[in-house]
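With the UniProt record's numbering, the residue at position 146 of the sequence shown is 146, and numbering never jumps. Glycine included, each C-beta is placed from N, C-alpha and C at the ideal position. Keep in mind it's a predicted model, so treat the numbers as computed, not measured.
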Amino acid sequence: MARAATAASANPCPGYATNYGNPEMGYGASPYPNPYGMPQVQSGADLGHQYVVGAGAAQHNQFELQTFKKPMWEVLTGRRDGRISLASQAVANIPSPFFNFTTLKQSFANKGLTLHDLVVLSGGHTIGVGHCNFFSNRLYNFTGKGGQDPSLNSAYAAFLKTKCKSLADNKTTVPMDPGSPLSFDSNYFKILKQNEGMFQSDAALLTNEGSSNIVDELVDSETFFTEFAQSMVNMGAVGVLTGSSGEIRKKCSVVN
Ligand code: HEM
1 MARAATAASA NPCPGYATNY GNPEMGYGAS PYPNPYGMPQ VQSGADLGHQ YVVGAGAAQH
61 NQFELQTFKK PMWEVLTGRR DGRISLASQA VANIPSPFFN FTTLKQSFAN KGLTLHDLVV
121 LSGGHTIGVG HCNFFSNRLY NFTGKGGQDP SLNSAYAAFL KTKCKSLADN KTTVPMDPGS
181 PLSFDSNYFK ILKQNEGMFQ SDAALLTNEG SSNIVDELVD SETFFTEFAQ SMVNMGAVGV
241 LTGSSGEIRK KCSVVN
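What follows is the structure, given as structure tokens:
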């Protein structure tokens with residue numbers, strides 16, 4: 001059984017991780033040696049499930065324990081790629097940080113993802129940064145006439161104001177999970193419960209009883225890791241190309 005860690009180290013298309021598949025961004029050459037070059041393989045959807053080649057389950061368990069100490073998940077390989085990538089399509093399909101609970105839930109449902117997936121996957125914000133312009137309205141102009149978002153922890157808001165000095169700032173970035181932005185842990189859910197979620201879309205998870213209950217459950221790291229693995233599999237199944245849609249690339253960085 002292949003696991004994400006294996007998949008990550010064998011990712012034949014590293015450009016996707018950062019460029020979201022937009023050829024206009026210009027991919028670098030694959031840093032991986034030939035065994036990891038993208039073979040022209042049939043889609044897993046056509047041939048049945050294919051898993052990243054790796055060691056046996058027992059060895060993976062060892063690997064998990066020693067390296068990540070977290071559950072990993074199976075990744076299907078042999079996917080078909082689209083022939084065009086448009087930034088406008090990406091923007092039209094991803095949820096906005098200004099969404100409320102209803103619009104967030106709907107945007108996940110549109111992709112076949114549940115409320116549970118929404119809350120669990122929002123835990124991805126345990127890592128990384130957000131640009132000020134995606135949340136500074138919560139600091140300076142929440143009502144449209146100035147003012148702060150009352151659902152934002154006031155001490156945290158004061159801290160964020162020291163980083164994002166005005167509504168015009170679209171350059172500065174701030175860690176989304178204050179305290180442990182480089183660590184994949186369940187701390188996002190802890191800070192969320194302290195009203196320190198950075199975006200309105202984070203805070204929105206507390207505005208519904210069902211989702212708020214899920215947040216409570218995910219504070220427990222073991223629960224979060226297990227559920228995250230499952231929801232990543234669910235998200236990985238969104239919009240998979242099958243049949244004659246798209247193509248299997250000869251070179252992963254360019255269309256055939
Ligand atoms: C629930 C709906 C979501 C919304 C509204 C949302 C919104 C955002 C926004 C606005 C940013 C900051 C981008 C920037 O300032 O450059 C961000 C960053 C990030 N998001 Fe999400 N996101 C969502 C779901 C997810 C999911 C499902 C994952 C992964 C499981 C995820 C993982 C990340 C990561 C890792 C970053 C940091 C990127 C970096 O440091 O450059 N997000 N998200």
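Distance between residue j and residue i (C-alpha atoms, nearest Å)
i, j, result
"Thr143", "Asp149", "8 angstroms"
"Ala92", "Gln194", "31 angstroms"
"Asn110", "Thr103", "10 angstroms"
"Thr172", "Gly239", "33 angstroms"
"Ser180", "Ile94", "25 angstroms"
"Gly130", "Asn153", "17 angstroms"
"Gly243", "Thr77", "16 angstroms"
"Lys145", "Glu222", "43 angstroms"
"Val255", "Ser88", "19 angstroms"
"Asp220", "Arg249", "41 angstroms"
"Glu209", "Lys165", "34 angstroms"
"Leu115", "Gln106", "9 angstroms"
"Phe108", "Lys251", "32 angstroms"
"Pro178", "Phe68", "21 angstroms"
"Ser151", "Val75", "38 angstroms"
"Asn170", "Asp117", "29 angstroms"
"Tyr51", "Thr207", "Because Tyr51 carries a pLDDT of 31, less than 50, the predicted location of this residue cannot be relied on, and no value is offered for it."
Assumed close pair residue i, residue j - CB separation to whole angstroms, cut-off 8 angstroms
i, j, result
"Thr126", "Phe199", "So it is not a contact: roughly 14 angstroms between Cβ atoms."
"Pro97", "Ser201", "5 angstroms"
"Leu139", "Ala157", "6 angstroms"
"Leu241", "Gly82", "7 angstroms"
"Glu247", "Arg79", "Not confirmed; about 11 angstroms, so no contact."
Where the beta strand (DSSP E) through residue i begins and ends
i, result
"Thr173", "173–175"
"Gly130", "129–131"
Alpha helix (DSSP H) segment containing residue i, residue limits
i, result
"Val233", "221–236"
"Asn137", "137–140"
"Ser212", "209–218"
"Ala157", "154–163"
"Leu192", "187–193"
"Thr103", "101–109"
"His116", "115–122"
"Asp202", "200–203"
"Asn256", "Asn256 -> no alpha helix (DSSP H), and no H or E assigned at all."
"Val75", "Unbroken run through Val75: none, as it is neither H nor E."
"Asn93", "87–93"
Cβ-based neighbour list, residue i, same chain, cut-off 8 angstroms, excluding 5 preceding and 5 following
i, result
"Gly123", "Ser186, Tyr188, Phe189, Leu218, Phe224, Phe228"
"Leu113", "Leu121, Ser231, Asn234, Met235, Val238"
"Val119", "Leu205, Ser211, Ile214, Val215, Leu218"
"Lys163", "Cys132, Thr172, Val174"
"Asn141", "Gly147, Leu167"
Proximity of residue i and residue j at Cβ, strictly below 7 angstroms
i, j, result
"Ala204", "Asn100", "yes"
"Ser231", "Leu121", "yes"
"Val215", "Leu192", "yes"
Own chain residues within Cβ distance below 6 angstroms of residue i, not counting five before or after
i, result
"Thr226", "Pro71"
"Gln40", "Because Gln40 carries a pLDDT of 43, less than 50, the predicted location of this residue cannot be relied on, and the following value inherits that uncertainty. Cβ within range, chain order: Ile248, Lys250."
"Phe135", "Met198, Phe199"
7 angstroms Cβ shell around residue i - same chain, five flanking residues per side excluded
i, result
"Lys161", "Leu139"
"Met176", "His125, Gly128, Val129, Gly130, Met198"
"Glu196", "Asn153, Tyr156, Pro178"
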